[in-house]
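See below for the structure under consideration.
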Amino acid sequence: MAVHTNRQILTRGKNYATKQSKKFGTDEVTFDKDSRLDYLTGFHKRKVQRQKKAQEFNKEQDRLRRIEERQKVRQERKEIMEEQLKTFKESMNLEAEIEDAKKGDTDGAKVESDDSWHGFDSEEEEANGGSDDNDVKPILKKGAVTEIYDDSTTVEVESLEPNDNFEYLANLNNVKLEKAEKVLTQSINRATKYAKFLGVDDKQKKKPKVKKFRYLTKNERRVNQRKANDNKRRR
29 MAVHTNRQIL TRGKNYATKQ SKKFGTDEVT FDKDSRLDYL TGFHKRKVQR QKKAQEFNKE
89 QDRLRRIEER QKVRQERKEI MEEQLKTFKE SMNLEAEIED AKKGDTDGAK VESDDSWHGF
149 DSEEEEANGG SDDNDVKPIL KKGAVTEIYD DSTTVEVESL EPNDNFEYLA NLNNVKLEKA
209 EKVLTQSINR ATKYAKFLGV DDKQKKKPKV KKFRYLTKNE RRVNQRKAND NKRRR
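Position 43 (the sequence shown) corresponds to 71 in this note's numbering; numbering is contiguous.
Right, dumping it as C-alpha cells:
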C-alpha cells in the first residue's frame with residue numbers, strides 16, 4: 029500500500045469540495061438589464077405608488093367609519109322614536125282618562141242642577157221686571173265716560189276689581205274652580221309630551237368635520253425631527 033503525501037491528501041479534499049458545490053449549485057446566473065435599470069431608476073415611481081396606496085387605504089377606512097356612524101345614528105333615532113311613541117301612547121291614554129273624568133263631572137253637575145245659563149241678558153231681565161240674579165256683578169268691569177268740553181274728549185276706564193260673585197258665576201257655568209289647577213297642569217304636561225314627540229325640543233347634532241389627509245412637507249418633517257432630537261437630548 030502506497031503512502032499518500034500531504035499534497036495528494038489536500039488535493040483530494042479540494043476536489044471533493046468542488047464536486048459537492050457543483051452538485052447543489054446553479055449552472056449559470058444571468059441578470060436582466062431592463063429589470064435592473066427599472067429598479068435603479070424607479071424610486072420616485074414606487075414612492076408615488078406607496079402614497080396612492082396609503083390614500084386609498086385611508087379613504088376606505090373613512091368610508092367604513094362613516095357607514096358605522098350612520099348605523100349608530102339610525103339605531104339612536106330608532107330608539108328615540110320608540111320611546112316617543114311609547115310616551116305618546118301614555119299621554120293619549122291619560123287624555124282619554126281625563127275626558128272620561130270630565131264627562132262624569134258634567135253628568136253629575138247636570139243631575140245636581142237643572143239650571144242652565146242663558147247669557148247676560150240684563151236688558152231683557154230689566155224689561156221683564158228683573159229677578160233675583162240682577163244683583164250679580166259681571167266678571168269684567170269696564171266703564172267709559174265721555175265728556176265734551178271745548179271740542180275735547182276724555183275717556184276713563186276703570187281697572188278690574190275683585191268680584192265676590194266669581195264662584196257663583198262659575199257654578200252657573202258648571203265650572204269647578206278647585207279642579208282648575210289640576211286641569212291646567214295636565215294640559216301643560218300633555219303639550220310638553222306632544223312637543224317632545226314632534227322633536228321640537230331635540231337639538232340637532234352637528235356632524236364632526238373630517239380632517240383631510242395630507243403628507244407633511246419637507247420643512248415640516250425637518251421641524252418635527254429637530255423637536256424629536258431636542259427632546260432626546262433633554263432626556
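Just so it is clear, CB atoms sit at the ideal spot from N, CA and C, and this is done for glycine as well. If you're wondering where the values come from, they're calculated on a predicted model, not measured in any experiment.
Between Glu-248 and Lys-224, the alpha-carbon positions lie close to 51 Å from each other. CA-to-CA, the gap between Asn-201 and Arg-102 works out to about 52 Å. Put simply, the region 115-122 touches the region 215-222. At least three CB pairs are less than 8 Å apart. Pairing Glu-125 with Met-109, the inter-Cα distance amounts to about 24 Å. In the structure shown, Phe-85 adopts helical secondary structure according to DSSP, grouped into three states. Counting only runs of 3+ residues, no beta strand (DSSP E) is found wholly inside the region 204-228. Counting along the chain, Asp-55 sits inside no alpha helix (DSSP H), nor does DSSP assign it H or E at all.
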